[in-house]
Structures are given as structure tokens and as C-alpha cells.
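Colleague: Can you read through this structure? Questions will come right after.
Numbering (this note's numbering), first residue to last: 28 to 846.
As C-alpha cells, this is what we get:
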């Protein structure tokens, strides 16, 4: 090389580049103005010849400055370049004699602003996903992909993939000062590019990591990230999205919500393809998101559910984790297709009138060496306390919520799914494990907080921050907590020192009720409090009642399997009765797939639901009952409108412990919408049983588990039953009904006049008609007897009918919030 070029080069910097030990490649590579002219340097291992093609000028030959692939050229400075450096590209000839032309990645300006960095360091960059990760972009007329990642303790970070032979020396990223962010724009890369980050820490060997902000990832067992373009899909769910924004979460909670919980990989499954050696083609058993959308929507609509809740679809390495050990917080799992396929799924469900809730896991993450664990050679995302760093139940790692960048990573993920995929709700998993420092760690020396308590104040602040900001940005998207303790005010507003969730899973009700149902009917009277206790605390939170996947695995048996009985028919009668009570009890509803037709075996993520069971009447009857139950539920506002108001529920009788029966009404502020629910959890029927009602009415059965079409005995008839004015159950009126054994029956109560008043009106009307007729006859017989005619006319003047009394309304139906 020429002596002049040799003298102007900083060989220490060149060595840092060739040994790939720099976080500031822009200070060396690319074009730089120096007193001697324009110095252009590049490092491309495997290149044997490079020329610089300057736009509007000529081609300059570069010199090989280092045998590892470092090339440089010194070009005389031109006056026009003093204001703006020229655009240029490299004409590269590789060792294998292939040639290519490419721009220099280090000549492009950063996409980050000072404001971005400030927000990130403060933990308030809520749409961070628009820049962090990998994004197809056009800069200065050049198409390519910009990559950025947070690795503050790294000495050097590179993007590697097939495009650069997985060589970490070739695309080293630029450190953005003290932010810890590394960035690079690589021209001509396209969506679909597979990549990872190679991270070099001081005194350590380089290692590979997937992109925490990747929008797509390879299917397991591979784990590389994939460049995805999220801007191409054409959404057609504007009406759905606008309606969400109008109703907001508070309005949505006054709508019916019957949720079908789904694991996409086992809802429906294909026959696996087979390799030549006879082994199954991994992943071929899964349907695509687009195929699943049609199958699932068809079933959900037929059965009458309003929403589906998907067990985690964020990328995860282990099928057996069911998705709860997330490796890609910004990537839908590739098991079922691409990000665009999942957008299709969401759009299709919305156009079919079905809401979609996603399980989301901010409590812990897996230890895989290629994932978040020890991301930059240090515990970057992990809780720094050695006792708190490991989750006691799953052996996973817990997040450091105190670190703003970690908090922002999770908050950004929640925002991302609502923004990019239009989700209708996020159900946060394992919230209880986040709230307590000693959760699962009793006797292990768990630390105390600054006040000496066991509350995890960092987690509390994180949840308040997330929920408050999420509701501002996505007011019509629900936030649901799976929280199993008595932590107060989970669904209280943040301004009132609540955590800010919209809904909380009622785990207490589920455990009590299933415990009651698993008891033999002969002994249930001794467990009656398990049935009624839930209403003592029902309005302390806004609850959702759940029979989730967790209750049908690990030896717990399916819901049908839990029921007492010597035959499937007996078990099915118990299950139908339980479902009737479940659907009419205050609170939104969630039921795991397969349980609505009485799958008997426990659920397995490795096999399709046992749809063949629907060939047997007992299973088809359960399915038909749930379908009709959903219909009645949605058509009667009393069953959902005031779920979270005490005035929407009233016990008629919750003292029949010896009979194992309960009666209650669900109501709105309109008496004509009132429904009565009568549930008998015993095997003894009660014909002509008297039940108090809140006002004079007629009652008609809307739905009964005892209907013959559901496998019942047909004891309940669909005829109207007239109430009587008789004091019963501390009410002024009562009806006499037939109560079948092991049954739930829902009655519509229609206000009407009291029979005595009707009779009085009828008698009065009859006398008036007779007198009017007599008066007319007298007038026609003697028109001359004016005085007598006048007297006669005055005597037959009609008596005014007795005005019927208004039906007595249920007391206290004005909406009144708890508390």
C-alpha cells in the first residue's frame, strides 16, 4: 500500500476492527474527512478486491491494508464534498470471484433521536417496538433493514446470518453512547432474513443471542430471529376497533362475556407428514393461523361464545410449557405461521364478531442460553437478588422490574400486541408470584421490602405503570389478572391505589365450587358454605369465573371426570347442573376447550381434542346444553349487565343446606328482565315446591338441565306459572314449581297485575256494561219522559274501573357500585 495512505491510518483502530473488539465502528469505517483528503475504509473478510464508486464522480481502487479483509483508499478532497459527503458504494469481488455492489452500512445516520433515548432510559418509551429489533426501512433511497438491541455491558455486538456467513466481524453495530443500545442499517436485506446477535464481552468468547424484540422467530428446535414486515397486512376490522374505543373497558364489562379458552396446537391437529426414513416431519401436525381462524370461529359461533382466550402464542421453545415460558415477547409463534398469518387470524375473528384475548407472561422467562438469560454476559433482565432471581415453581428466571429498560421491554410488549395485532385483552399469568417477595420462598430467606413487609414494591409499581398507561393508549382493551391470593384492590383504579386491572380470575370461587361438586350429593349438605361463600366477597373485585386448563391436567382429571356418579350419565347430570350455576352466577365466564362436550381424559398439548366423543349422546347433550346456555346468557341482560354491581343479584334462599338447593335472581333496573335461578345439587326431586319471588309475576322456564334433549327427565314444563300473593322466603309473592333432581333451571319473571285486581276490574266493567244497556233501552221506550229519562240516565252513569296497581318492583335496582 502507498506510504501516504499508511501514514494517515490509525492502526490501533484498524486492529480493533479486524479483531472485532469495537463498539464504535463508525469512527473507523466509512468515509471520513481528514486534512489529507477523504479517507474511506471498509472491512469485508473474504473480499479480494474492492473499488469505491462515488456518485457523480469516478471509481477508485481500494488498497488491501490488512490481510484479514481491511481495505482503504485516500481520495483527494473536492470542494463540493465540504458541505455534504458524497454518496458512494463498493464494488466487491470475493475470493470465489463473485461480485456485488453495496452501500456502506456506516454512512447512514441513526434512526434514534435524543428524545427516544431519554424516554427509554426513563422507562416510558411505550411504542419502543417501532424502532428496537429489526425493521425493513428505506434510508436515503436505499432499502434495507435496521437492527438495534440493548446490551449495555457488551464490548461489541454484531448482526450475523446467512447474508454474512454468520461472521461477527462483518456487520458490527454502532454503540449509541451511554444508552447501551447498539444499531446498524444493513442495505439490501429483506423480510425473511434469518439473523442473530453475536455479543462479545471483555475477556469472554463471543456468543449468539436471539433478538429480544424480534417480530418473528424460527420454529423450535431452531431459535434464530427472522426479519418481518408488519406493515403489509390490510386490516378490515375498523368497525370492531372503533366499537371497542367507544365502549372502553368499563362499557365492555357491562356486556356479555363468555370466553372459550384455547390451545391452538391441540384444538385441531393434522396427520403429521412422514420423512423418507419414517420419522414425522416436525411441525407438520400444526394447522396454520389462517386455517385455525376458520375452524375456531365456526365452532365458537356455533356454540355461542363471545370471545376466545388463546394460551400463549408468543414464541416459546418448549411445547410442554404450553407457551408460558416465553422466548419471543414480540413474536407470534411460528408453529402456526407468520406474523401476517396471525394478523389474518385476528382480523378474521373480529369480522366474525369474536373477541380475542391473549395470555401474556410478565412474571418469568426461561433460562435458555440463546435467550434473555445473561443476555450481554450479565444478568441484564434478571432480578439481581439471588433469592428472587429464580422462580420457585418453574425454575425460570424473574424480571428486574426496577430497571427502567426491563420494565419498558415488558410494557412495550403489552402495547405491541394491542397496537400491531388488535388484541381485545391480555390475561396476565402468575400475577400472585409477582406481588410477594416470599411467594413460594417461605423459609428460604426471602428479603423484606423497605417497610419490612413481604410485598414486592417493584412489581406493584410496574403493574400500576403498565395498566394505567395501557388504558390511556388502548381504552377498549381489557387487562385481566390471574391472581390467586387475597391481595386487595386488584381491579381498583390506580388513582385509588389499586393495581388497575379490569377483571380478576376468581380462583377462590373455582376451588370452592369444584370442591363442592366433587363431593357425593349425599354429603353435600355438609359443604354448603363452599357453594354460597363466594357472594360474601363477590363485589370486592370485578371477577371472572373460570374453569381453565389448569383444572384438567396433572392428575386433576377433566371436569366430567371430577363429577361424582357411577355412570357417564350421572356424571353428566352433575356437570350440566354445575354449568347452569356457573353461567348464572355473577361474573364473566371462561371455559377451557373440550370441557363443553365433556371430554373425559385430561387435556394433553400433544394430541387433538377428542372430537369423536360427540358421536355418543351423553357428550352431544352436554355440548347442546352449553350452546343453549350461551344463547340464554347473551339474550338476557340480567345475567351480565350488572355483574359488578350488588343490585344485579339477590338471594331468594341460600339456607337450604339440608336440601342442597339455592335460589337467586339476576336483575337489571328493568323488572321485566329479571330471571330466577333454581339449582338442586341433590338427587332428590321436589314437585310443587314453593319459591318466593320479588313481585307479582308469571314465571316461565327458559332453560333446564332436566330437559329430555339434554339427557334429563323432562320434569320442568315450558308453561307459564302464575305467582300467588303469599309470604314466602321473606317475599310477598311466591310460585309453586317442580324442581327436578340434580338440575339448574332458569326462569323468566314477567311482572303482571295481581289476580284479585284483575277480577275486580272485570266485575266492575261487567256492571258498567249492563247499566249502559238499560239506559239505552229506557231512552228508546219513552222519549217524552224527559225528567225520568234524565234521572234514569244519571243512575246508569258508568262507574270508573279500578286502576290496576303497578307491579311491585325489586328493591334497590338503581346501579350502585361496591364499596
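C-beta: ideal position from N, C-alpha, C; glycine also.
This one's a predicted model, so the numbers in the text were calculated from it and none came from an experiment.
If you scan the region 43 to 128 from start to end, which runs of the beta strand (DSSP E) of 3 or more residues do you find wholly inside it?
Modeller: Counting only runs of 3 or more, we get 57 to 61, 64 to 70, 74 to 81, 86 to 88, 90 to 93, 97 to 102, 115 to 121.
Colleague: Output the distance between the C-alpha atoms of residue 107 and residue 56, rounded to the nearest integer angstrom.
Modeller: Each residue's Cα considered, the two are about 22 angstroms apart.
Colleague: Could you check if residue 100 is buried or exposed, using at least 16 other CB atoms within 10 Å of its CB as the buried criterion?
Modeller: Label assigned to residue 100: buried.
Colleague: Go ahead and pull the three-state DSSP assignment for residue 807.
Modeller: Its pLDDT being 45, under 50, residue 807 is placed unreliably in this model, and the value from its coordinates should be taken loosely. Correct three-state label for residue 807: helix.
Colleague: With C-beta atoms as the reference, is residue 173 less than 7 angstroms away from residue 138?
Modeller: In contact: residue 173 and residue 138 (Cβ atoms closer than 7 angstroms).
Colleague: With which residues is residue 724 paired in a DSSP beta bridge?
Modeller: Looking at the DSSP assignment, residue 724 forms a beta bridge with 778.
Colleague: Is it true that the CB of residue 486 sits closer than 7 angstroms to the CB of residue 408?
Modeller: No.
Colleague: Look up residue 658 in the DSSP assignment and say whether it is helix, strand or coil.
Modeller: In this structure, residue 658 counts as helix in the three-state DSSP scheme.
Colleague: Quick one, are the C-beta atoms of residue 212 and residue 166 less than 7 angstroms apart?
Modeller: Result yes, Cβ atoms of residue 212 and residue 166 sit closer than 7 angstroms.
Colleague: Would you decide whether residue 718 is buried or exposed? Buried here means 16 or more other CB atoms lie within 10 Å of its CB.
Modeller: So residue 718 ends up on the buried side.
Colleague: Just to confirm, does residue 42 get its C-beta within under 6 angstroms of one of the non-hydrogen atoms of the ligand ADP?
Modeller: This structure does not include the ligand ADP; it has no bound ligands of any sort.
Colleague: Under a three-way DSSP split, which group does residue 382 fall into?
Modeller: Residue state, collapsed to three classes: strand.
Colleague: Just mark residue 438 as buried or exposed, buried being the case when its beta carbon has 16 or more other beta carbons within 10 Å.
Modeller: So residue 438 counts as buried.
Colleague: First and last residue of the alpha helix (DSSP H) that includes residue 134?
Modeller: No alpha helix (DSSP H) holds residue 134; DSSP gives it neither H nor E.
Colleague: Straight-line CA distance for residue 491 to residue 521?
Modeller: Rounded to whole angstroms, residue 491 to residue 521 spans 6 angstroms at the Cα level.
Colleague: Compare the Cα-Cα distances from residue 415 to each of 481, 131, 39 and report the closest residue.
Modeller: Residue 481 is the option with its Cα nearest to residue 415.
Colleague: Buried or exposed: which applies to residue 738, given that a residue is buried once 16 or more other Cβ atoms fall within 10 Å of its Cβ?
Modeller: Classification for residue 738: buried.
Colleague: Does the Cβ-Cβ distance between residue 468 and residue 393 come in under 7 angstroms?
Modeller: Not closer than 7 angstroms, so no.
Colleague: For the region 326 to 344 against the region 352 to 370, do three or more pairs of beta-carbon atoms, one drawn from each stretch, fall closer than 8 angstroms, so that the two count as touching?
Modeller: Contact holds: three or more Cβ-Cβ distances are below 8 angstroms.
Colleague: Taking residue 507 and residue 532 to be in contact with their CB atoms under 8 angstroms, please state how far apart those CB atoms are, rounded to whole angstroms.
Modeller: Contact flag correct, Cβ pair sits at about 7 angstroms.
Colleague: How would you call residue 387, buried or exposed, if buried means at least 16 neighbouring beta carbons within 10 angstroms?
Modeller: With 16 or more Cβ atoms within 10 Å of its Cβ, residue 387 is classed as buried.
Colleague: In or out: residue 594 buried (at least 16 other Cβ within 10 Å) or exposed?
Modeller: Residue 594 should be labelled exposed.
Colleague: Does the Cβ of residue 631 have 16 or more other Cβ atoms within 10 Å, making it buried, or fewer, making it exposed?
Modeller: Looking at its Cβ environment, which holds fewer than 16 other Cβ atoms inside 10 Å, residue 631 is exposed.
Colleague: In its own chain, which residues sit with a C-beta less than 6 angstroms from the C-beta of residue 700, not counting the 5 before and 5 after it?
Modeller: 664, 665, listed in sequence order.
Colleague: For residue 638, does the three-state DSSP call read helix, strand or coil?
Modeller: DSSP places residue 638 in helix when its eight states are reduced to three.
Colleague: Out of 401, 763, 287, which has the shortest C-alpha to C-alpha gap to residue 376?
Modeller: The shortest Cα separation from residue 376 among 401, 763, 287 belongs to 287.
Colleague: I need the straight-line Cα distance from residue 483 to residue 436, nearest angstrom please.
Modeller: Going from the Cα of residue 483 to the Cα of residue 436 covers about 19 angstroms.
Colleague: Under DSSP, the alpha helix (DSSP H) around residue 611 begins and ends at which residues?
Modeller: Start and end: 595 to 611.
Colleague: Hey, does residue 126 have any beta-carbon neighbour from chain B nearer than 7 angstroms?
Modeller: Looking at the structure shown, chain B is missing, and only one protein chain is on hand.
Colleague: Within 10 angstroms of its Cβ, does residue 564 collect 16 or more other Cβ (buried), or is it exposed?
Modeller: Residue 564 is exposed by the Cβ-count criterion.
Colleague: Figure out for me which residue from 28, 509, 63, 125 has the closest Cα to the Cα of residue 94.
Modeller: The residue with the shortest Cα to Cα distance from residue 94 is 28.
Colleague: Report yes if the C-beta distance between residue 289 and residue 337 is below 7 angstroms; otherwise report no.
Modeller: The answer is yes: Cβ separation under 7 angstroms.
Colleague: If you draw a straight line from the alpha carbon of residue 383 to that of residue 659, how long is it in whole angstroms?
Modeller: Roughly 22 angstroms between the two C-alpha positions.
Colleague: Which of helix, strand or coil does DSSP assign to residue 738?
Modeller: In this structure, residue 738 counts as coil in the three-state DSSP scheme.
Colleague: One question on the structure: do residue 312 and residue 299 come within less than 7 angstroms of each other, judged by their Cβ atoms?
Modeller: Going by C-beta atoms, residue 312 is nearer than 7 angstroms to residue 299.
Colleague: Where does residue 37 sit, in a helix, a strand or coil, going by DSSP?
Modeller: Coil, per DSSP.
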